[in-house]
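Residue 7 is where the sequence shown starts when you use my numbering, and the numbers rise one by one after that. Just so it is clear, CB atoms sit at the ideal spot from N, CA and C, and this is done for glycine as well. Have a look at the structure below, then the notes.
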Amino acid sequence: MAVKIIGLGNRLYGDDAVGSLTAACMEELGLPAFDAGANGFQALSAIEEGDVVFFIDVMLMEEEEGIFRVDLDRADLVEITDPHRLTPLQVLSLSARSKARPKEAYIVGVRPERLDWPGISETAIRRLEKVLRKFKRFVSTYGIEVDVDRVLECVRRKSNEPW
Numbered sequence: 007m008a009v010k011i012i013g014l015g016n017r018l019y020g021d022d023a024v025g026s027l028t029a030a031c032m033e034e035l036g037l038p039a040f041d042a043g044a045n046g047f048q049a050l051s052a053i054e055e056g057d058v059v060f061f062i063d064v065m066l067m068e069e070e071e072g073i074f075r076v077d078l079d080r081a082d083l084v085e086i087t088d089p090h091r092l093t094p095l096q097v098l099s100l101s102a103r104s105k106a107r108p109k110e111a112y113i114v115g116v117r118p119e120r121l122d123w124p125g126i127s128e129t130a131i132r133r134l135e136k137v138l139r140k141f142k143r144f145v146s147t148y149g150i151e152v153d154v155d156r157v158l159e160c161v162r163r164k165s166n167e168p169w
C-alpha cells in the first residue's frame, strides 16, 4: 500500500489550476504527489491496487472546501461522458475496471471563485490553505508531513504560470 496525492486541473482556467499546481508543488517538496494535469487520464498510471489516493481538485459545491471520502463501491458505476477529461470519480471507476482499485480514496476539494484566465484567485488560495491544514493532520496518520506554508508559497509563485 502506498499513499498517492494526485492533482487535477487545467492551468489555463484560473482556479481550476488549484489541484494541478498544488500537486506539482508537493512533488517539488518531496511528497508522494503527481500532477495529472487537465484530463485525468494520466492519473490512471499513478494508481495501483491497494493504494490510498487523495485527489486535489476544484469542485462546484456549497462548501468552500473539504475532504470527502469516496464510496469506491459506487464509484465503479460512474459513466464516462467526455473522452478528453476525467473527474476523480471517473478515474477511480476506470482504475477499478483495470484491476488497480485503491483501498481508499478521498477528494480534497476547493470551491473555485473564478474559472478564467489568468492565475488562481486569492479567495481560492485561502480556501486551499484551510483544506490543506485539515489535510496535513489527516495524512500525518499515514506518516506524511506536509509543510502547508511552503506548498502555498509555491502555489502563489506559480499561479500565473500556465505551464
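Residue i vs residue j beta-carbon contact at 7 angstroms
| i | j | result |
| --- | --- | --- |
| Pro-108 | Val-59 | yes |
| Gly-20 | Leu-158 | no |
Outcome for residue i when other beta-carbon atoms lying within 10 angstroms are tallied against a minimum of 16
| i | result |
| --- | --- |
| Asp-63 | buried |
| Arg-80 | exposed |
Inter-residue Cα distance where the pair is residue i and residue j
| i | j | result |
| --- | --- | --- |
| Val-97 | Gly-46 | 7 angstroms |
| Val-84 | Thr-129 | 31 angstroms |
| Arg-156 | Met-7 | 27 angstroms |
| Asp-153 | Ser-104 | 34 angstroms |
| Thr-28 | Asp-77 | 24 angstroms |
| Thr-87 | Pro-94 | 13 angstroms |
Neighbourhood of residue i by C-beta distance below 7 angstroms, restricted to the same chain and skipping five residues each side
| i | result |
| --- | --- |
| Ile-73 | Tyr-112, Val-114, Val-137, Lys-140, Phe-141 and Phe-144 |
| Met-67 | Gly-115 and Arg-117 |
Proximal residues to residue i (C-beta, below 8 angstroms), its chain only, five neighbours per side dropped
| i | result |
| --- | --- |
| Ser-26 | Gly-13, Leu-14, Gly-15, Asn-16, Arg-17, Asp-41, Ala-42, Gly-43 and Ala-44 |
| Glu-167 | Arg-17 |
Neighbourhood of residue i by C-beta, 6 angstroms cutoff - its chain only, sequence neighbours within 5 removed
| i | result |
| --- | --- |
| Glu-110 | Val-58 |
> Taking contact to mean at least 3 C-beta pairs separated by less than 8 angstroms, is the segment 111-122 in contact with the segment 132-148?
Replying inline: Touching, yes.
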